[in-house]
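Colleague: One structure is given below, represented as structure tokens, and several questions about it will come after.
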Amino acid sequence: MSFRICISAAQLWLAQPPTPVVPVPTPQNPGGAIGKATDFILGLMMWGGLVGAVGALIAAGVMMVVGRRNRNNLAIDGAMSLPWILAGLALVLGASSFVTFFLGEK
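The sequence shown begins at 360 in my numbering and counts up by one.
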């Protein structure tokens with residue numbers, strides 16, 4: 360009988376909602392010079408990602424054109440890189456949306 364009581368008490372204890380040990384603060388822009396610098400750096404990173412994606416698309420196209428005759432592997436490599444380029448571009452463009460979705464905005 361005491362084993363059943365212990366199991367019941369353990370089930371009640373495990374069924375409780377978890378209490379956060381560390382509070383989760385809401386994200387805030389610090390404002391001032393730090394906020395402007397952060398926005399500037401993130402903007403540069405996004406611009407660099409977009410420039411890199413355009414360059415990668417051009418390189419993939421060149422690989423496909425050059426590999427058209429007697430260089431099949433080069434053309435295949437260029438074609439196989441397109442999904443990776445598009446996936447990277449989707450991550451660059453949707454980064455803030457992904458973070459907001461996974462971390463949640465309060």
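Just so you know, even glycine gets a beta-carbon here, dropped at the ideal spot from N, CA and C.
What is the residue span of the alpha helix (DSSP H) that Gln370 lies within?
Modeller: For the purposes of this step, residue 370 is taken as the residue at position 11 of the sequence shown. Per DSSP, Gln370 belongs to the alpha helix (DSSP H) from Ser361 to Leu373.
Colleague: Under 7 Å Cβ to Cβ from Leu433, same chain only, skipping five residues before and after it: list those, please.
Modeller: Indexing the sequence shown from 1 puts residue 433 at position 74. Around Leu433: Met422, Val425 and Gly426.
Colleague: Please classify Gly463 as buried or exposed, where buried requires at least 16 neighbouring CB atoms within 10 angstroms.
Modeller: Residue 463 sits at position 104 when you count from the first residue of the sequence shown. Counting Cβ neighbours within 10 Å, Gly463 comes out exposed, since fewer than 16 surround it.
Colleague: Are Ala412 and Val380 close, meaning C-beta to C-beta below 8 Å?
Modeller: Numbered from its first residue, the sequence shown carries residue 412 at position 53. Numbered from its first residue, the sequence shown carries residue 380 at position 21. For Ala412 and Val380, no; Cβs fall outside 8 Å.
Colleague: Answer yes if the region 367-374 comes into contact with the region 388-407, meaning at least three C-beta pairs across the two stretches below 8 Å, and no otherwise.
Modeller: Counting Cβ pairs under 8 Å, fewer than three are found: no touch.
Colleague: Out of curiosity, what's the CA-to-CA distance linking Phe399 and Met439?
Modeller: Translated into positions along the sequence shown, residue 399 becomes position 40. Translated into positions along the sequence shown, residue 439 becomes position 80. Phe399 and Met439: Cα-Cα distance of roughly 34 Å.
Colleague: Mind checking whether the beta-carbon of Leu441 lies closer than 7 Å to any heavy atom of the ligand NAP?
Modeller: Ligands are entirely absent from the displayed structure, and the ligand NAP is therefore not among its contents.
Colleague: Just the C-alpha distance for Leu448 and Leu403, rounded to the nearest angstrom, thanks.
Modeller: Walking along the sequence shown from the start, residue 448 turns up at place 89. Walking along the sequence shown from the start, residue 403 turns up at place 44. Approximately 15 Å between the Cα atoms of the pair.
Colleague: Does DSSP put Val413 in a helix, a strand or coil?
Modeller: Translated into the one-based positions of the sequence shown, residue 413 becomes position 54. Residue state, collapsed to three classes: helix.
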